Every structure is written in structure tokens, then in C-alpha cells.
Amino acid sequence: MKYEADVVVLGGGGGGMAAAKAADKNGANVILIEREEENGGVLNQCIHNGFGIHYYRKDLTGPEFKETLQEELENTNVKILNSAFVLDVSKDKQLTFVNHKGIHEIKTKALVMATGARERHFNSLAVPGDRVAGIFTAGVAQKYINLQNLKPANSALIVGSGDIGLIMARRLHLEGIEVKGVVEILPYPGGLERNVQQCLRDYNIPLYLSHTVTRVEGNKRLSKVYVSQVGENREIIPNTEKVFNVDALITSVGLIPLTDPVKFVETGPGFITSNTNQTSEDWIFAAGNCTVVFDLVDYVSREGEKAGKYAALYAQKQYFPEQKVKVKKGKNINILHPMYIDPNERTKLYLRVSKTFKRAEVRVEPLGIKLVEEEARPSEMIEISIKPFNDKNLKEIEVSAHELG
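Residue numbering for the sequence shown is 1 to 405, as defined by the UniProt record's numbering.
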């Protein structure tokens, strides 16, 4: 079967649903493709609250956030194709996907990639030891408990203090699983400060900063995890080894943006976009964790809306940027998004500093923008709003962070 659309949105999570809704609102004929049986992505298994505070001005659980978006989507003309997997995206604006009815093609005018990210697996850490049962990513453990009602362990250690790892420490504890600690190789937590407080300190779960897993042992099932302290250069400090007797190791060691099956646009590692979410291929737009890993689904959905809007305008030949200004990472900046700016449109810059500051001044030059941030941490995104500016001679702006006394 062959389909035609003004805009195709690939991915039915928070970003994808918001993109499809916005594209429809801006007059486009929209098809949303989602590989699972229902939309929502990871929202379906995130039963904790903290979603929607910025986007809906409500404190929602993941499923509540998803259902709210889903209800809004049902009031549009968006055609939703669930249980469909895209095999190929070609430069001639054609997608090939497969579902239970066979292989199909879609001819489109614009594409929004909202494919999210995948978890980095424990094997990528190259930790020596036995390869045994009982080692899970945090997302898999969350799915077992929240969706499948399965208890994955009796006692556990968590490696990596990203937000999902912190949240799973609390979730495991509430399910009666003994959580013996969270191990983090960095000297600071990898997740939001509010999650450190609410998920660890409130339940007296230890956080071992500047520590790493050095070995795992077990006979078929995990039984011991060895942990040592590390120095400034992440070298193992002798005689600091701790042994944890656990039957599960839960890993929260980062997310990798998913850019498949698009192979011909600029990435690094996620899709590199402008402030209108346009990639290096002008008909392809991208939003959410497939560009850069965001703190909150609120940001993902907000970016999805923007991508859907501009994709619809592009498809209807109403958006063709005349100029793009490059955004450069300056001193003490680790993550920066977007990397290009259409100066005729409003910009929301997202950045992460490369080290912890007691008080930081973030500068955007030569625009003369300065923002003071108290206790800036690499784990928490900083937002900067930039108004449209008209300067045809400006080719590049630089973002940097500096300690204030």
C-alpha cells in the first residue's frame, strides 16, 4: 500500500505526539508512525509524578501525561499507524515501513524524527567478571516492575546516578527490594538534585560518588559486585574496594540518541538542528532525545511542537530560512542545543556546563546576553531565551560559562 502526507512524524512518544498535533494545527496532512501497539513510549512505564509541570502546569504521572496528549491528538485529523516499523528513509522523501499487513511506502513533503534514545548497556563499560543473569538496565527493570508486575531481584546495587537510576532506586525500595547503594564515577550526581533528595536521601539509600564497579561475580545469577573509589582522572585508588552481596545490578549509565534509519543528515551523536528543529537536510526536522538528552519530557514535547509547526510550514512552502548562524561551544560548556539559529525566529538554547559552579555566569556573545545561575551542575539543563535578531554579517555566536565570586 502507498500513502501520501504533508508531514510524517516518526515516533509516538511525548515529542512525536506533540509534533503531530502541532503539524495538524498548522494545516498539514499528518501521519504518525509508532512501532509499539500504543503511543507514549517510555511515558507508559514512568508511573511516578513530576511530568507536565512546565508543559501543562500540572503535576502528572507519565501515563497521565501521555493520556492528556493522546486525547488532544484524537481531536485532530492525524492518521496514526501503530505496530509499524520504518525500514528506510530515502533522500527522495520516501519512507518504507512494515506492519502485520506487509511492506508499505509513504511519500511525504517533510519528516519529523522523534525517535528518542536507547539506554547504554552495561557491556559498554567493559567491566571484567562473569556474564550472569541479574544485570539489567534501569529502563528494563522499570518495565518489569511497572508494566509486567515482576520482581527482578531481592537485593540490588545501582551503577550510574542518572534520573532513571535514582527513580528506580526508590521504586525498588518501595517494592521491598533492598537497595544497597547507588554508585557514580563522577564527583557529583548525574540526575536532578530533586531526585537525589526524593529518591535517595528520603529513603536513606547511600550514594557513592567517585566510585566505580570493578568486577562482577556469580554462578549463573549475580552474587557479588566489587566497587572501588576513583581519583580525579578516574584511576582506581588502591585498598578502597567494597564488596556488595546482591543478586541484581541495575545500570543507569547514559542514553544514546536514536537516529536510525536516517543516514544522510548531520549528527553528533544526535541530530544536529537549528532553533526551528531543521536538520542539515532541509525537509527533515528532529525533536526530543534523538537530538540531545533532555531533563524533562516537558522540554521534549515543547520541542516536538516546534518541529511539527515548522515541518508543516515547510511542507506548505511557507518556511525557507535565508540565513543560519552557527552556535559554538565556548569555555566550560559540555552540551549545547541547537547548533544553528535562524535569526528571524525566537530561540530557546539548552546547555549543560562541564563542571559544577557555585555561581556561574553564562554568556552569549556577541549578542551581549548574560545569565547568572546559582549552583550550576552538569546534570541540570540551563535554558536561555534569545529574541530574533537581524544581523546579516553575524556568522557565529559563542556560549560560555564562568565562575562568579
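Where is the CB? At the ideal position from N, CA and C, for every residue including glycine.
In this text the structure is predicted, and so the values were computed from the model without any measurement.
Proximity below 8 angstroms, CB of residue i to CB of residue j
i: Leu258; j: Thr137; result: no
i: Glu37; j: Ser90; result: no
i: Ala286; j: Asn277; result: yes
i: Leu69; j: Ala110; result: no
i: Leu157; j: Lys180; result: yes
i: Ser210; j: Gln197; result: no
i: Val182; j: Thr212; result: no
i: Arg118; j: Ile284; result: no
i: Val78; j: Asp24; result: yes
i: Leu192; j: Glu374; result: no
i: Glu127; j: Val216; result: The sequence shown places Val at residue 127, rather than the Glu named in the question. Yes. Within cutoff.
i: Gly15; j: Gly304; result: yes
i: Lys309; j: Ala20; result: no
i: Lys355; j: Pro378; result: yes
i: residue 406; j: Glu241; result: This structure cannot speak to residue 406, because the chain is shown only from 1 to 405.
i: Ile167; j: Cys199; result: yes
Residue i, enclosing alpha helix (DSSP H) - first and last residue
i: Gly41; result: Taken as a continuous stretch (DSSP letters only), Gly41 belongs to no alpha helix (DSSP H), as it is neither H nor E.
i: Tyr299; result: 297-315
i: Glu67; result: 62-74
i: His337; result: Taken as a continuous stretch (DSSP letters only), His337 belongs to no alpha helix (DSSP H), being part of the beta strand (DSSP E) at 333-337.
i: Met1; result: Here Met1 belongs to no alpha helix (DSSP H), and DSSP marks it neither H nor E.
i: Asp163; result: 163-174
i: Gly368; result: Here Gly368 belongs to no alpha helix (DSSP H), and DSSP marks it neither H nor E.
i: Ala153; result: No alpha helix (DSSP H) holds Ala153; DSSP gives it neither H nor E.
i: Lys25; result: 14-25
Residue i, enclosing beta strand (DSSP E) - first and last residue
i: residue 475; result: Absent from the model: residue 475. The displayed extent of the chain is 1 to 405, so no value can be given.
i: Asn195; result: It is not in any beta strand (DSSP E) - Asn195 instead sits in the alpha helix (DSSP H) that spans 193-199.
i: Asn245; result: 242-245
i: Asn99; result: 94-99
i: Asp88; result: 85-90
i: Ala117; result: 117-119
i: Gly102; result: 102-113
i: Lys79; result: 79-81
i: Lys143; result: Careful: Lys143 lies outside any beta strand (DSSP E), inside the alpha helix (DSSP H) at 138-146.
i: Lys326; result: 325-329
Contact belief for residue i with residue j at Cβ below 8 angstroms, rounded distance in angstroms
i: Val325; j: Ile369; result: With 8 angstroms as the limit, Val325 and Ile369 do not qualify as a contact, their Cβ atoms being about 14 angstroms apart.
i: Thr108; j: Val7; result: 7 angstroms
i: Ala401; j: Lys331; result: 7 angstroms
i: Leu222; j: Leu249; result: 6 angstroms
i: Val362; j: Ile335; result: That belief does not hold up - the Cβ atoms of Val362 and Ile335 are roughly 13 angstroms apart, past 8 angstroms.
i: Leu87; j: Lys66; result: That belief does not hold up - the Cβ atoms of Leu87 and Lys66 are roughly 26 angstroms apart, past 8 angstroms.
i: Arg346; j: Lys395; result: That pair is no contact at about 20 angstroms.
i: Asn154; j: Asp247; result: 6 angstroms
i: Ile106; j: Tyr3; result: 4 angstroms
i: Gly134; j: Thr251; result: At roughly 11 angstroms, the Cβ-Cβ gap does not stay under 8 angstroms, so Gly134 and Thr251 are not in contact.
i: Gly218; j: Val132; result: 4 angstroms
i: Ala360; j: Leu404; result: 7 angstroms
i: residue 407; j: Ile31; result: Any answer about residue 407 is impossible in this case: the structure gives the chain only from 1 up to 405.
i: Ile177; j: Arg234; result: With 8 angstroms as the limit, Ile177 and Arg234 do not qualify as a contact, their Cβ atoms being about 29 angstroms apart.
Burial state of residue i (16 or more Cβ within 10 Å)
i: Arg302; result: buried
i: Pro343; result: buried
i: His100; result: exposed
i: residue 406; result: Any property of residue 406 remains undetermined from this structure, which presents the chain solely from 1 to 405.
i: Arg352; result: buried
i: Gly50; result: buried
i: Val243; result: exposed
i: Met339; result: buried
i: Met1; result: exposed
i: Asp163; result: buried
i: Gly268; result: exposed
i: Ser385; result: exposed
i: Lys58; result: exposed
i: Asp298; result: buried
i: Val372; result: exposed
i: Leu150; result: exposed
i: His337; result: buried
Residues bridged to residue i [DSSP beta-bridge criterion]
i: Glu217; result: Lys224
i: Gly129; result: Val216
i: Ile158; result: Val182, Ile250
i: Phe357; result: According to DSSP, Phe357 bridges with nothing at all.
i: Ala401; result: Val362
i: Glu374; result: Arg359
i: Ala286; result: Met113
i: Ile382; result: Leu351
i: Leu207; result: Val182
i: residue 415; result: Nothing can be reported for residue 415: it is not among the residues displayed for the chain, which extend from 1 to 405.
i: Ile31; result: Val8, Lys79
i: Glu396; result: Lys326
i: residue 418; result: The requested residue 418 is not part of the displayed model; the chain covers only 1 to 405.
i: Ser274; result: Tyr340
Residue i Cβ short of 7 angstroms to the ligand NAP heavy atom set
i: Ser210; result: Annotation note on the ligand NAP: not contained in the displayed structure, which lists no ligands.
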